[in-house]
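Letter by letter, the sequence shown follows residues 2 to 300 of the numbering used here. Just so you know, even glycine gets a beta-carbon here, dropped at the ideal spot from N, CA and C. Take a look at the structure set out below.
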Amino acid sequence: MRHRKIAVIGVASGYGAGDRGCQDGPEVLRTIEILKDLDRTGNDFHWDETICLTQQPEPDPMTAVRDISQRLALSVTDHLETGDFPLVIGGDHSCAIGTWSGVRAHLNATEGADARLGLIWIDAHMDSHTPRTSPSQYIHGMALACLLGYGEPLLAEIACAAPKLLPRNVCLIGVRSFEWGEANLLSSLGVRIYFMEEVHRRGMNAVLDEARRHVSQASFGYGISIDLDALDPREEPGVGTPVPNGLLRKEVTEALACIHSDQQLLAFEIVEYNPYRDLHFTTAQAVHDLCRSLILSQS
Ligand SMILES: [Mn+2]
Numbered sequence: 002m003r004h005r006k007i008a009v010i011g012v013a014s015g016y017g018a019g020d021r022g023c024q025d026g027p028e029v030l031r032t033i034e035i036l037k038d039l040d041r042t043g044n045d046f047h048w049d050e051t052i053c054l055t056q057q058p059e060p061d062p063m064t065a066v067r068d069i070s071q072r073l074a075l076s077v078t079d080h081l082e083t084g085d086f087p088l089v090i091g092g093d094h095s096c097a098i099g100t101w102s103g104v105r106a107h108l109n110a111t112e113g114a115d116a117r118l119g120l121i122w123i124d125a126h127m128d129s130h131t132p133r134t135s136p137s138q139y140i141h142g143m144a145l146a147c148l149l150g151y152g153e154p155l156l157a158e159i160a161c162a163a164p165k166l167l168p169r170n171v172c173l174i175g176v177r178s179f180e181w182g183e184a185n186l187l188s189s190l191g192v193r194i195y196f197m198e199e200v201h202r203r204g205m206n207a208v209l210d211e212a213r214r215h216v217s218q219a220s221f222g223y224g225i226s227i228d229l230d231a232l233d234p235r236e237e238p239g240v241g242t243p244v245p246n247g248l249l250r251k252e253v254t255e256a257l258a259c260i261h262s263d264q265q266l267l268a269f270e271i272v273e274y275n276p277y278r279d280l281h282f283t284t285a286q287a288v289h290d291l292c293r294s295l296i297l298s299q300s
């Protein structure tokens with residue numbers, strides 16, 4: 002990726018979800034060596050570390066997610082400081098709090114406290130609940146709200162002051178399952194949402210291209226967070242929370258390949274890989290293909 006080292010950071014966390022299966026996603030992806038061919042192509046691609054909880058006995062979900070997010074944010078900031086490109090592999094989507102807080106902390110240090118960060122959130126869900134609106138109270142359904150500065154302050158203020166993102170620098174793509182509480186929050190903030198029907202109508206390429214321009218307005222760069230449940234579960238069964246009628250792997254990898262020369266892309270995240278539902282490692286292959294489309298085209 003522009004001859005930068007691509008540093009893979011696994012996040013072995015299912016503490017933000019009801020089904021903890023995603024916790025073992027990074028270790029399965031690492032041990033089956035599904036990504037191993039990515040460093041054979043002239044790229045400096047390394048699985049650097051896997052962040053996991055070491056506390057015993059296991060704390061409550063809020064404490065666990067906070068602890069992991071703090072360490073992940075520090076790791077992401079360190080990698081950016083040394084010039085690496087962070088590629089975060091979850092874990093449930095609560096790890097996004099750590100990833101993008103870390104990127105924002107880096108921008109604060111290098112560009113100033115009012116440096117803006119853009120984020121494209123590719124997901125079947127909105128993940129924009131607060132503890133007040135969430136029926137399930139699962140933190141992976143609150144990650145984007147936290148980054149926008151809403152909900153639990155202990156999570157919203159990780160690594161640097163809230164908010165990490167301004168509404169105008171955020172887009173969601175592929176949404177098709179949500180509750181009114183989170184939809185009301187995003188709507189009141191004016192966040193641009195590309196619902197699945199719009200992606201079907203216009204194509205992923207056109208939507209991602211527009212989203213990139215949208216989130217990059219007056220920002221110092223942007224990131225992409227992909228929840229694998231944005232993809233269609235008929236193709237990709239190995240996700241935390243499958244929802245029918247999703248994106249096809251091919252359209253997402255083709256759209257990502259178009260980003261190859263984009264110096265504005267600061268980090269990349271793929272989350273919610275659930276190995277227990279991925280009987281034939283087909284979704285593991287999707288993780289590989291998503292990384293490859295982004296990385297090979299960048300070398
Ligand atoms: Mn999600």
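Euclidean distance between Cα positions of T78 and M197 = Cα-Cα distance, rounded: 33 angstroms.
Cα-Cα, which of I98, D233, T55 and E82 is closest to L73?
-> Across the set I98, D233, T55 and E82, the C-alpha of I98 shows the shortest separation from the C-alpha of L73.
Three-state secondary structure (DSSP) of Y16 | In this structure, DSSP gives Y16 a state outside helix and strand, which the three-state scheme calls coil.
Identity of the residues DSSP links to F86 by a beta bridge | According to DSSP, F86 bridges with I7.
Does DSSP put S137 in a helix, a strand or coil?
-> DSSP, reduced to helix, strand and coil, places S137 outside both helices and strands of the structure shown, so it counts as coil.
Rounded Cβ spacing between W122 and L173 (contact assumed at less than 8 angstroms) = Right, their Cβ atoms sit about 5 angstroms apart.
Please work out which residues of its chain come closer than 6 angstroms, Cβ to Cβ, to D25, disregarding the five sequence neighbours upstream and downstream, and give them in chain order.
-> Result list for D25: P276, in chain order.
Can you list, in chain order, the residues of its chain whose CB lies under 6 angstroms from that of A256, leaving out five sequence neighbours each side?
-> Correct list, in chain order: M205, N206 and L209.
Under 7 angstroms from any heavy atom of ligand 1, does the C-beta of D228 make it?
-> True, at least one ligand heavy atom lies under 7 angstroms from that Cβ.
Going by the beta-carbon positions, is the gap between F221 and L88 smaller than 8 angstroms?
-> The Cβ-Cβ distance between F221 and L88 does not fall below 8 angstroms.
Between the Cα of E199 and those of A212, G191 and S188, spot the shortest distance and give me the residue it belongs to.
-> Selected option, being the one with the closest Cα: A212.
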